[in-house]
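J.: Below is the structure I would like to discuss, written out as structure tokens.
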Amino acid sequence: MVTKQQDVAILGGAVSGLAAATKMNELDQIDEIRIFERQEYDKKRVDCGEAINDSTLIPLAKTEENGFLNDVDGFQLRVYTGTDRSSNELPLGVSNLRCEAGYICDRDVVEAQWASTLADEGVSFETGTSVTVSEYWEIVNDYDYIIDATGQPSLTHKVRDTVEDYTGDMIALNATVSGDFDEYVDQPRIFFEGYVGYSWSFPKSSQHANVGIGWAGEQRPDDYMTALKRAAERNGFPVPDRQDVNVYTIPRGPSLNPNDVQIPEDNIFLVGDAAGIANRYQGEGICQGIRSAYLLGELIADGREAEYSDRLFDEMKSEYRLAHLMRGAWVEHEDPALLAGVAEALEGLTIDDITRRPTRVISRMLRHPTIAMQLVSDTGMIKRIIDAYTDSWEYSSLKSA
Ligand SMILES: Cc1cc2nc3c(=O)[nH]c(=O)nc-3n(C[C@H](O)[C@H](O)[C@H](O)COP(=O)(O)OP(=O)(O)OC[C@H]3O[C@@H](n4cnc5c(N)ncnc54)[C@H](O)[C@@H]3O)c2cc1C
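Quick note on our numbering: the sequence shown kicks off at -19 and runs consecutively.
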């Protein structure tokens, strides 16, 4: 029997697009894989916290040459009373979360090396120009599968004029700075300080770190740069130069709405940020993007790609639940002491536990009944628990209808 050979176009060649290419390249039925990436890899600029909590998802040796700079043991959450405090005030609570395969990376290098490996394995690349709307339709006509990994908002949403499905929800600023990070090089720090969001200092080495600050929800400062500067001063990391700081909006949605992650009539599938699946509580999206691309590849291998939106929903459900509840701990209570108690109750769990495994988080909270009782003794929080366990988070109306 002759199997039909199929062609795949991947729009966007960052982590999610590269992961899609890796998986598709393993399939016998795939003939050509072509990645369309608007940047050149040797000039590519990627600006994010650069923390990858499960580096095993990336098929590269974990070497400095491949961009894996700092092999961290985990992350330290430090909870403070608020932003109006001196730099020597002690945290209300400290919690060390494990992350065995975690790295702080140079993502430009990781992506360049990953792309180069794929090119050696026969994947073709068209780099340096954006796919335009008319080219998008030509690609849709020419290829059997189209995987949109163009980030947020996706090219598919732009072309279809549905960008309003993304509702920018988090604002984040970050930069790479020089300084002395010896004290916590193995244990990057995340600072919670009474607002919905956090600032961070993620050492890439004992002399360099990616630092930043982000806000979720409505309460944001008038002047982001000044807020970053003050966070740096309070939390003891260097103040970045203004020209090195990038400002981003991180989307909340349209993920898990089946119409936003899959267009069956054109065989278009969205992965990673294009599908809007970055974590809604802490903004992490690298592992989420890679996992969504691998899931899609596995389904295509089995000829079950029609199930992609349902399977993505199932795989992301726990993470959505937890993000909804974790965010509630802040939004509904606005009580740093309670959050410090919650953080300390989570001591020793992994980042994956606290983002994707509600049962581990809940069983840990039950060992701290006073904090657990405080947490749920609030109507807003009870509503969140009901919403979380009836899959009624903000974009699931179609699913739960
Ligand atoms: C400040 C900040 C800090 C963050 N920190 C972390 C962190 O520490 N850890 C973590 O896991 N996540 C972090 N995230 C989230 C993470 O950056 C994203 O979730 C991740 O980059 C998603 O990867 P992606 O491949 O899906 O999309 P993207 O990284 O957005 O890549 C999209 C690609 O598509 C290309 N492209 C776009 N349009 C076109 C077009 N028309 N034609 C051709 N190519 C196109 C772009 O050039 C780009 O390479 C952070 C985000 C921000 C904003």
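In this text, a Cβ means the ideal position worked out from N, Cα and C, and glycines have one as well.
Just the C-alpha distance for glycine 159 and asparagine 33, rounded to the nearest angstrom, thanks.
T.: 23 Å
J.: Please say whether asparagine 190 and asparagine 154 have beta carbons closer to each other than 8 Å?
T.: Cβ distance < 8 Å, so asparagine 154 and asparagine 190 count as in contact.
J.: Who are the Cβ neighbours of isoleucine 351 in its own chain at under 8 Å, not counting the five residues just before and after it?
T.: Leu318, Gly321, Val322, Ala325 and Met345
J.: Alpha carbon to alpha carbon, how far is valine 311 from leucine 57? Give it in angstroms, no decimals.
T.: 18 Å
J.: Taking all protein chains shown into account, decide if tryptophan 94 is buried (16 or more other Cβ within 10 angstroms of its Cβ) or exposed.
T.: buried
J.: Could you check whether the Cβ of valine 111 sits closer than 7 Å to any heavy atom belonging to ligand 1?
T.: yes
J.: Pairs of beta-carbons, one from the stretch 38 to 49 and one from the stretch 67 to 77, closer than 8 Å: are there three or more?
T.: Three or more beta-carbon pairs separated by less than 8 Å are not found between the stretch 38 to 49 and the stretch 67 to 77, which leaves the two stretches without contact.
J.: Report yes if the C-beta distance between serine 186 and phenylalanine 161 is below 8 Å; otherwise report no.
T.: yes
J.: If we ignore side chains and look at the alpha-carbon of each, how far apart do arginine 140 and alanine 207 end up?
T.: 37 Å
J.: When the Cα atoms are used, what is the spatial distance from methionine 296 to aspartate 11?
T.: 30 Å
J.: By a C-beta neighbour count over all protein chains shown, 10 Å radius and 16 as the cutoff for buried, is tyrosine 288 buried or exposed?
T.: So tyrosine 288 ends up on the buried side.
J.: Exposed or buried, glutamate 17, counting other C-beta atoms within 10 Å across all chains shown (16 or more means buried)?
T.: By the Cβ neighbour-count rule, glutamate 17 is buried, with 16 or more other Cβ atoms within 10 Å of its own.
J.: Should glycine 368 go down as buried or exposed, given a rule of 16 or more other Cβ atoms within 10 Å for buried?
T.: A small fix is needed here, since residue 368 is alanine in this sequence, not glycine. Buried.
J.: So, does the stretch 199 to 218 touch the stretch 92 to 112, judging by three or more C-beta pairs under 8 Å?
T.: Cβ pair count under 8 Å is below three, so no.
J.: In whole angstroms, what separates the C-alpha of alanine 381 from that of glutamate 118?
T.: In this predicted model, alanine 381 has a pLDDT of only 36, less than 50, meaning its place in the structure is not dependable enough to derive any value.
J.: Do proline 133 and tyrosine 116 count as a contact pair if the criterion is CB distance below 8 Å?
T.: If you check the CB distance, tyrosine 116 and proline 133 do not come in under 8 Å.
J.: Scan the stretch 213 to 296 and note each continuous alpha helix (DSSP H) run of 4 residues or more that stays entirely inside, going in chain order.
T.: 238 to 241 and 266 to 281
J.: Express the C-alpha separation of serine 110 and glutamine 268 in angstroms, rounding to a whole number.
T.: 24 Å
J.: Helix or strand or just coil, what does DSSP make of aspartate 88?
T.: helix
J.: Between which two residues does the alpha helix (DSSP H) harbouring proline 349 extend?
T.: 349 to 356
J.: At the level of alpha carbons, what is the spacing between lysine 24 and phenylalanine 105?
T.: 14 Å
J.: Please say whether arginine 364 and glycine 308 have beta carbons closer to each other than 8 Å?
T.: yes
J.: Following a CB-centred definition, is leucine 275 positioned closer than 7 Å to any heavy atom of ligand 1?
T.: Every heavy atom of ligand 1 is 7 Å or more from the Cβ of leucine 275, so no.
J.: How would you call alanine -11, buried or exposed, if buried means at least 16 neighbouring beta carbons within 10 angstroms?
T.: With 16 or more other Cβ atoms within 10 Å, it is buried.
J.: When the Cβ atoms of the stretch 169 to 178 are set against those of the stretch 238 to 248, are three or more pairs found closer than 8 Å?
T.: no
J.: Three-state secondary structure (DSSP) at glycine 197?
T.: Here glycine 197 sits in coil by DSSP.
J.: Using the rule of at least 16 other Cβ atoms within 10 Å of the residue's Cβ for burial, across every protein chain shown, is isoleucine 27 buried or exposed?
T.: The sequence given here has aspartate at residue 27, not isoleucine. The residue in question, aspartate 27, is buried, as its Cβ has 16 or more Cβ neighbours within 10 Å.
J.: State the DSSP-derived secondary structure class of valine 59, mapped to helix, strand or coil.
T.: Reduced to three states, the DSSP call for valine 59 is strand.
J.: Using DSSP with H/G/I as helix, E/B as strand and the rest coil, what is histidine 313?
T.: In the displayed model, histidine 313 falls within coil according to three-state DSSP, outside both helix and strand.
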